[in-house]
Amino acid sequence: MDLQSIKKDFFVFRNGIVADTLRKAGMPHKVIFGLQIPQIAAIAKDLTPSSELAEALWNDSEVRESRILATYLFPVDETSLEKATWLLGSVRTPEESDMLAFRLLKRLPFASEILKEAEKDPEIPEYAVASLRNHLS
Numbered sequence: 029m030d031l032q033s034i035k036k037d038f039f040v041f042r043n044g045i046v047a048d049t050l051r052k053a054g055m056p057h058k059v060i061f062g063l064q065i066p067q068i069a070a071i072a073k074d075l076t077p078s079s080e081l082a083e084a085l086w087n088d089s090e091v092r093e094s095r096i097l098a099t100y101l102f103p104v105d106e107t108s109l110e111k112a113t114w115l116l117g118s119v120r121t122p123e124e125s126d127m128l129a130f131r132l133l134k135r136l137p138f139a140s141e142i143l144k145e146a147e148k149d150p151e152i153p154e155y156a157v158a159s160l161r162n163h164l165s
């Protein structure tokens with residue numbers, strides 16, 4: 029499935045009330061479809077984890093649902109320490125950091141190393157470090 033097909037799925041599940049609420053709460057994304065996590069998880073179930081697709085979704089940083097769906101699709105066995113640390117440093121919201129820590133980072137064999145690197149890096153948002161710390165406890 030490609031990015032356009034995935035966005036059609038987002039459109040099918042869109043929820044204007046949730047989207048407006050998230051915008052008013054200060055979400056930085058230009059496009060918010062208003063999907064809830066179970067709906068994003070349902071879309072993820074129909075997709076095969078793939079670094080290429082996950083990176084395309086993650087790089088679609090102006091779409092909230094793309095970023096969250098990406099956290100379901102990064103293959104654990106293809107994610108390096110450097111890539112994981114970069115992902116953590118590139119989160120834009122606490123929601124993204126929670127989903128990234130829960131869906132990917134805590135499953136990596138070097139998760140505690142990511143935390144150590146993140147705690148030393150002033151460029152990584154504190155809420156992202158806290159999310160990972162909480163998911164590793």
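Letter 100 of the sequence shown, counting from 1, is numbered 128 in the working numbering, and no numbers are missing.
No residue lacks a Cβ here, since even glycine has one placed at the ideal position from N, Cα and C.
Going by the DSSP bridge assignment, what does residue i pair with across the sheet?
i	result
V91	V59
Consult DSSP for residue i and reduce its assignment to one of helix, strand or coil.
i	result
V119	coil
A158	helix
S125	helix
F130	helix
T113	helix
L136	coil
S78	coil
Alpha helix (DSSP H) containing residue i: first to last residue?
i	result
I68	I65 to K73
I152	Taken as a continuous stretch (DSSP letters only), I152 belongs to no alpha helix (DSSP H), as it is neither H nor E.
A47	G44 to K52
S108	Looking at the DSSP string, S108 is not in any alpha helix (DSSP H), and its letter there is neither H nor E.
F39	L31 to F41
Please return the same chain residues whose Cβ sits closer than 6 angstroms to the Cβ of residue i, not counting the five positions on each side in sequence.
i	result
A82	A98, L101 and F102
D88	S94
S159	S125, D126 and A129
F138	L109
Any beta carbon from chain D within less than 7 angstroms of residue i's own beta carbon?
i	result
Y100	Annotation note: the requested chain D is absent from the structure, which comprises a single protein chain.
Excluding the five sequence neighbours on either side, which residues of its own chain have a C-beta within less than 7 angstroms of the C-beta of residue i, listed in chain order?
i	result
S79	F102, P103 and E106
D149	G117
Which same chain residues, not among the five before or five after residue i, have their C-beta less than 8 angstroms away from its C-beta?
i	result
L143	V157, L160, R161 and L164
A47	I60, F61 and G62
I68	E93, I96, L97 and Y100
Compute the minimum distance between the beta carbon of residue i and the heavy atoms of the ligand HEM, and state whether it is under 6 angstroms.
i	result
N162	The ligand HEM is absent from the structure shown, which contains no ligands of any kind.
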